[in-house]
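*Asks:*
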Amino acid sequence: VVSGSRIEQKLVDVAGSVNVVTEQEIERELAVDLNTAFKYQTGITTSGSTGEAQALNIRGIGGNRVVYIKDGRRINDAYAGGGGLIIGRGYFDIDNVQQIEVAKGAASSLYGSDALGGIVVISTKDPSDYLANDTAYAQLGLGYYGVNSEKSFSATYAQKVGEMNATSIQLTRRDGKEAQNYQENLPGFDYTSNAVLIKSEFDISDNERLLATVDFFDQETKQVIAATINETTDQNESLSVSLAFDSASATAFYDNLKAQVYYTDFEQKSDQLRANDGSRSRTGPYTDYNDYRFEQSILGARVVLDKNLEVAGLNHQFVYGFDYDSYETARPRYKTRLDAQGNKLLDKEGQKTFPGADTSMFGVFVQDNITLIPDSLDLN
């Protein structure tokens, strides 16, 4: 079952081309990130190696022309970094993922102009997925990935509380280093990441559910090319909270209703030490301490409804609703420069960069899935 067309459908009923990576495939392939999860998927490539920023490229289109949706929330934007990498995406842990769907083709009519290249829909597990008919669930996991000597530890616990509530918490810790090339001459780095996913389901009735989610991820990367000359520490941190309401209590206006509000705060910080021996400066040797950041917060809300109607002897499934997302984006960059005697030549001086921006997006959509010949021919 996939949701590439705004509603859940069987994969065979989806009109477009959709690739799906399930949790079973993730476990079978021992995937540790986007790169290893999609290594056998046609038409999809990844940029960035393990421990670095990663992004998907769909049929040659990537960057901010592909929309990433995680549990109904938009993931922060990306920007071009050094070495051609798309920075800002890929900062989530794959351990708690239930499935990843990639719609290969333009989806702007349902997701906005930034979905020109396609959409990536990431779904994580709910407490009911762990519990099934049990009242409690617990699991511990240890992993090792030889490509970059990554060691991982994960813990999952889910508990049913009374008749109406079930809560789950999933923790993952990873420690690794760079993935080397054949010549093993790439600059080395060490990284650690922590992921926490907390979900709580409330069954309001047999057909209505409330789901609260807290999703946290952070990753720190340290690279020392030459001590006291060229050092970099990157810190990436993302925190999301959301509240979703699902209803299958049919009314005259809808058969199913899904509503959600959420807030996401993402911050990327790069602390860089760069020493100059004086050969390129009239003032002699100096050391730069750079504080480069990318900050973005997203406040979003969405409502999706569907209704089945018989019109002129044909079955119509109308899907309609709206999206609203408000972005606040900033890219502060500061430089402190010390000469060879330790005197400050620059003190947290702002550097030229792209300006901050506030962006609001609002979209209304209507989709009609028409059954022309049952089980044989549909028109979307």
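Read left to right, the sequence shown gives residues -9 to 370 (the working numbering).
Beta carbons: idealized from backbone N, C-alpha and C, even for Gly.
#1: Where are the alpha helix (DSSP H) runs, 4 residues long or more, that stay fully inside the segment 230 to 270, in chain order?
#2: From Q286 to S316, what does the alpha carbon distance come to, in whole angstroms?
#3: Could you spell out where the alpha helix (DSSP H) holding S99 opens and where it closes?
#4: Look up D104 in the DSSP assignment and say whether it is helix, strand or coil.
#5: Would you identify the three-state DSSP class for E19, choosing helix, strand or coil?
#6: Quick check: is the beta carbon of K150 nearer than 9 Å to any beta carbon in chain C?
#7: For F344, which residues in the same chain have their Cβ closer than 7 Å to its Cβ, ignoring the five residues on either side in sequence?
#8: What did DSSP end up calling L121 once you bin it into helix, strand or coil?
#9: For F243, does the count of other Cβ atoms within 10 angstroms reach 16, so buried, or fall short, so exposed?
#10: Give the straight-line distance between the Cα atoms of Q307 and T146, rounded to the nearest whole angstrom.
#11: I'd like to confirm the pairing. Which residues does DSSP put opposite Q372 in its beta bridges?
#12: In angstroms with no decimal places, state the Cα-to-Cα distance between T131 and N86.
#13: How long is the line joining the alpha carbons of I215 and G274, rounded to whole angstroms?
#14: Please state whether DSSP places E13 in a helix, a strand or coil.
#15: Closer than 8 Å is the cut-off here; do at least three beta carbon pairs connect the segment 227 to 236 with the segment 254 to 267?
#16: How would you label V8, buried or exposed, when you count the other beta carbons within 10 angstroms and need 16 or more for buried?
#17: In the structure shown, what three-state DSSP assignment does T26 receive?
#18: Determine, using beta-carbon pairs with one atom in the segment 167 to 179 and one in the segment 141 to 157, whether at least three such pairs fall under 8 Å.
#19: Let me know if L46 comes out buried or exposed under the rule of 16 or more other beta-carbons within 10 Å of its beta-carbon.
#20: So, M154 versus D193, is the Cβ gap smaller than 9 Å?
#21: Taking a contact to mean a Cβ-Cβ separation below 9 Å, would you say V10 touches Q129 in this structure?
#22: Along the chain, which unbroken stretches of the alpha helix (DSSP H) at least 4 residues long are found entirely within the segment 275 to 318?
#23: Report the rounded CA-to-CA distance for N197 versus V151, giving the unit in angstroms.
#24: Can you tell me the Cα-Cα spacing of S232 and D67, whole angstroms?
#25: For a quick check, are the C-beta atoms of L176 and T222 less than 9 Å apart?
#26: Kindly list the residues whose CB is nearer than 6 Å to the CB of R292, restricted to its own chain and excluding five residues on each side of it in sequence; keep chain order.
#27: By the 10 Å Cβ neighbour count, where 16 or more other Cβ atoms means buried, how is Y276 classified, buried or exposed?
#28: Hey, could you find the ends of the beta strand (DSSP E) I360 is sitting in?
#29: In terms of residues, what are the limits of the beta strand (DSSP E) holding A45?
#30: Mind checking which residues open and close the beta strand (DSSP E) that includes S366?
#31: Where does R323 sit, in a helix, a strand or coil, going by DSSP?
#32: Can you tell me whether V57 is buried or exposed, with buried defined as 16 or more other CB within 10 angstroms of its CB?
#33: Considering Y135, what are the terminal residues of the beta strand (DSSP E) in which it resides?
#34: On the CB-based measure, 16 or more other CB atoms within 10 Å of its CB, does D358 come out buried or exposed?
#35: Among the candidates V354, F355, L369, whose CA atom is the shortest distance from the CA of T361?
#36: Pick out whichever of V309, F207, Y324 has its Cα sitting closest to the Cα of Q341.
*Replies:* Taking the coordinates as given:
#1: none
#2: To locate residue 286, count along the sequence shown from 1; it is residue 296. To locate residue 316, count along the sequence shown from 1; it is residue 326. C-alpha separation (whole angstroms): 10 Å.
#3: As a position in the sequence shown, residue 99 is number 109, starting the count at 1. Its alpha helix (DSSP H) spans residues 98 to 101.
#4: Taking the first residue of the sequence shown as 1, we reach residue 104 at position 114. Residue state, collapsed to three classes: helix.
#5: Against the sequence shown, residue 19 aligns to sequence position 29. E19: coil per DSSP, three-state reduction.
#6: You won't find chain C in this structure, because it holds only one protein chain.
#7: By one-based count along the sequence shown, residue 344 stands at place 354. Answer for F344: R321, listed in chain order.
#8: One-based indexing of the sequence shown puts residue 121 at position 131. In the structure shown, L121 sits in a helix (DSSP, three-state: H, G or I).
#9: Start at 1 with the first residue of the sequence shown, and residue 243 comes out as number 253. Label assigned to F243: exposed.
#10: As a working mapping, residue 307 is identified with position 317 in the sequence shown. As a working mapping, residue 146 is identified with position 156 in the sequence shown. The straight-line gap from Cα to Cα measures roughly 38 Å.
#11: Here the chain covers residues -9 to 370 and nothing more, so residue 372 does not appear.
#12: Your numbering for residue 131 matches position 141 in the sequence shown. Your numbering for residue 86 matches position 96 in the sequence shown. It is worth fixing the name first, because residue 131 is Gly in this sequence and not Thr. A straight-line Cα-Cα distance of about 12 Å links G131 and N86.
#13: Taking the first residue of the sequence shown as 1, we reach residue 215 at position 225. Taking the first residue of the sequence shown as 1, we reach residue 274 at position 284. In a straight line, the C-alpha of I215 is about 22 Å away from that of G274.
#14: By 1-based counting over the sequence shown, the position of residue 13 is 23. Three-state DSSP puts E13 in a helix.
#15: Touching, per the Cβ criterion.
#16: Within the sequence shown, numbered from 1, the residue matching residue 8 stands at position 18. When all chains shown are included, V8 counts as buried.
#17: Locating residue 26 in the sequence shown gives position 36, counting from the first residue. DSSP places T26 in helix when its eight states are reduced to three.
#18: no
#19: Taking the first residue of the sequence shown as position 1, residue 46 is located at position 56. It is buried - the Cβ of L46 has at least 16 other Cβ atoms within 10 Å.
#20: Walking along the sequence shown from the start, residue 154 turns up at place 164. Walking along the sequence shown from the start, residue 193 turns up at place 203. Yes. Within cutoff.
#21: For the purposes of this step, residue 10 is identified with residue 20 of the sequence shown, where counting begins at 1. For the purposes of this step, residue 129 is identified with residue 139 of the sequence shown, where counting begins at 1. No, the Cβ-Cβ distance between V10 and Q129 is not below 9 Å.
#22: none
#23: Your numbering for residue 197 matches position 207 in the sequence shown. Your numbering for residue 151 matches position 161 in the sequence shown. N197 and V151 have their C-alpha atoms roughly 19 Å apart.
#24: Working through the sequence shown from its first residue, we reach residue 232 at position 242. Working through the sequence shown from its first residue, we reach residue 67 at position 77. In a straight line, the C-alpha of S232 is about 19 Å away from that of D67.
#25: Here residue 176 corresponds to residue number 186 of the sequence shown, with the count starting at 1. Here residue 222 corresponds to residue number 232 of the sequence shown, with the count starting at 1. No.
#26: Within the sequence shown, residue 292 is the residue found at index 302, counting from 1. Q250, D313.
#27: Indexing the sequence shown from 1 puts residue 276 at position 286. Classification for Y276: buried.
#28: Here the question's residue 360 lines up with position 370 in the sequence shown. Where I360 is concerned, the enclosing beta strand (DSSP E) stretches over 347 to 363.
#29: Position 55 of the sequence shown, counted from the first residue, corresponds to residue 45. Here the beta strand (DSSP E) through A45 covers 45 to 48.
#30: Walking along the sequence shown from the start, residue 366 turns up at place 376. It is not in any beta strand (DSSP E) - S366 carries neither H nor E in the DSSP assignment.
#31: Stepping through the sequence shown from its first residue, residue 323 is reached at position 333. Note: R323 maps to strand in three-state DSSP.
#32: Indexing the sequence shown from 1 puts residue 57 at position 67. When all chains shown are included, V57 counts as buried.
#33: The residue labelled residue 135 in the question sits at position 145 within the sequence shown. For Y135, the enclosing beta strand (DSSP E) begins and ends at 126 to 135.
#34: Locating residue 358 in the sequence shown gives position 368, counting from the first residue. Exposed is the call here.
#35: Counting from 1 along the sequence shown, the entry for residue 361 is found at position 371. Measuring from the Cα of T361, the nearest candidate turns out to be L369.
#36: As a first step, residue 341 is located in the sequence shown; it is residue number 351 there, counting from the start. If we check each option's Cα against that of Q341, Y324 comes out closest.
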